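Notes to accompany the following structure.
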Amino acid sequence: MKKPKINNEIRTGQVRVIDDEKGNLGVLDTSKALEIAKEKGLDLIEISPNAKPPVVKIIELGKYLYQENKKQKEAAKGSQETEMKYIRIHLGTSENDLGLKARNASAFLKKGHRVKAELFLRGREKYLAREFLKERLERVLNLISEDYKVLQDVKKGPRGIFVIIEKNR
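For the working numbering, add 2 to where a residue sits in the sequence shown, where the first one is 1.
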């Protein structure tokens with residue numbers, strides 16, 4: 003969090019003053035705003051320096067920092083972190099194992115994570131027809147029960163080909 007400017011660090015001139023109790027006091031001289039803050043035994047904190055005129059608030063610094071910290075925590079609580087989960091299959095992976103990988107991918111998608119499904123290729127497998135490899139990768143995608151959308155279409159990676167999917171909202 004950016005540290006707010008207090009009292010004498012604020013530029014001279016006109017500022018819009020917000021009081022903790024009464025609300026908006028209007029546009030005042032900076033010296034007048036400082037006077038009001040000192041009378042109440044509080045700090046004058048610059049809230050929005052880029053506004054015309056700059057906005058300042060008469061409040062105790064500790065209380066202001068506490069409120070800002072609380073707002074940030076509340077905002078962070080609402081946002082969910084998406085994590086990238088991986089499933090790896092090979093050309094010879096059996097249907098039962100593909101079903102297991104698809105169930106795992108469905109569980110990941112249900113929790114809101116992104117899934118990177120990778121077809122791992124060894125040796126000469128890397129030189130097989132691209133359509134054949136793409137078809138093999140889509141076998142597992144067809145088994146996924148959760149509704150999803152493709153974020154990144156089939157691409158060639160260092161160890162094979164992969165596709166990135168996420169839950170369709």
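Here a beta-carbon is modelled for each residue, glycine too, at the ideal position from N, C-alpha and C. On a predicted model such as this, the values are computed, not experimentally measured, just so you know.
Notebook entry, point to check: Using the C-alpha atoms, what's the distance from Glu70 back to Ser108?
Noted result: Counted from its first residue, the sequence shown places residue 108 at position 106. Counted from its first residue, the sequence shown places residue 70 at position 68. So the two alpha carbons sit approximately 38 Å from each other.
Note to self: Quick check: the Cα distance between Thr32 and Gln16, rounded to an integer number of angstroms?
What the structure shows: In the sequence shown, the residue the question calls residue 32 occupies position 30. In the sequence shown, the residue the question calls residue 16 occupies position 14. Straight-line Cα distance between these residues: approximately 6 Å.
Next item on the list: Using only alpha-carbon positions, find the residue among Asn52, Lys103, Glu127, Lys169 that is nearest to Glu140.
Entry: Your numbering for residue 140 matches position 138 in the sequence shown. When each option's Cα is compared against that of Glu140, the closest is Lys103.
Next item on the list: Measure the beta-carbon distance from Gly101 to Leu143 and round it to whole angstroms, keeping in mind my assumption that it falls under 8 Å.
Entry: The sequence position of residue 101 within the sequence shown is 99, counting from 1. The sequence position of residue 143 within the sequence shown is 141, counting from 1. Contact flag wrong, Cβ pair sits at about 13 Å.
Checklist line | Beta carbon of Ile49 nearer than 8 Å to that of Lys42 | finding: Mapped onto the sequence shown, residue 49 falls at position 47. Mapped onto the sequence shown, residue 42 falls at position 40. Their beta carbons are not under 8 Å apart, which means Ile49 does not touch Lys42 by this criterion.
Margin query: Looking at Arg138: is its Cβ nearer than 8 Å to the Cβ of Leu121?
Written below: Your numbering for residue 138 matches position 136 in the sequence shown. Your numbering for residue 121 matches position 119 in the sequence shown. Contact flag set, yes.
Next item on the list: Whole angstroms is fine: what's the gap from Asn98's alpha carbon to Lys79's?
Entry: In the sequence shown, the residue the question calls residue 98 occupies position 96. In the sequence shown, the residue the question calls residue 79 occupies position 77. Going from the Cα of Asn98 to the Cα of Lys79 covers about 39 Å.
Next item on the list: Identify which residue in Lys151, Glu148, Ile163, Lys24 has its Cα closest to the Cα of Glu133.
Entry: In the sequence shown, residue 133 corresponds to position 131, counting from 1. Checking every option, the nearest Cα to that of Glu133 belongs to Ile163.
Item checked: Selection from Glu76, Met86, Ile47, Lys72 that minimises the alpha carbon distance to Leu63 -> Counting from 1 along the sequence shown, the entry for residue 63 is found at position 61. Residue Ile47 is the option with its Cα nearest to Leu63.
Next item on the list: Go ahead and pull the three-state DSSP assignment for Arg141.
Entry: The sequence position of residue 141 within the sequence shown is 139, counting from 1. If DSSP states are grouped into helix, strand and coil, Arg141 belongs with the helices.
Next item on the list: Classify Asn10 as buried or exposed, calling it buried when 16 or more other Cβ atoms lie within 10 Å of its own Cβ.
Entry: As a first step, residue 10 must be located in the sequence shown, where it is residue number 8. Low confidence applies to Asn10: its pLDDT is 46, below 50, so where it sits in the model is not reliable, and the reading given next is rough at best. Its Cβ having fewer than 16 others within 10 Å, Asn10 is exposed.
Checklist line | Own chain partners of Leu2 with C-beta closer than 6 Å, once the 5 adjacent residues on each side are dropped | finding: Given that the chain is displayed from residue 3 to residue 171, the structure contains no residue 2 and the question cannot be resolved.
Next item on the list: Give the secondary structure of Glu120 by DSSP, where H, G and I count as helix, E and B as strand, and everything else as coil.
Entry: Taking the sequence shown and counting its residues from 1, one reaches residue 120 at position 118. In the structure shown, Glu120 sits in a strand (DSSP, three-state: E or B).
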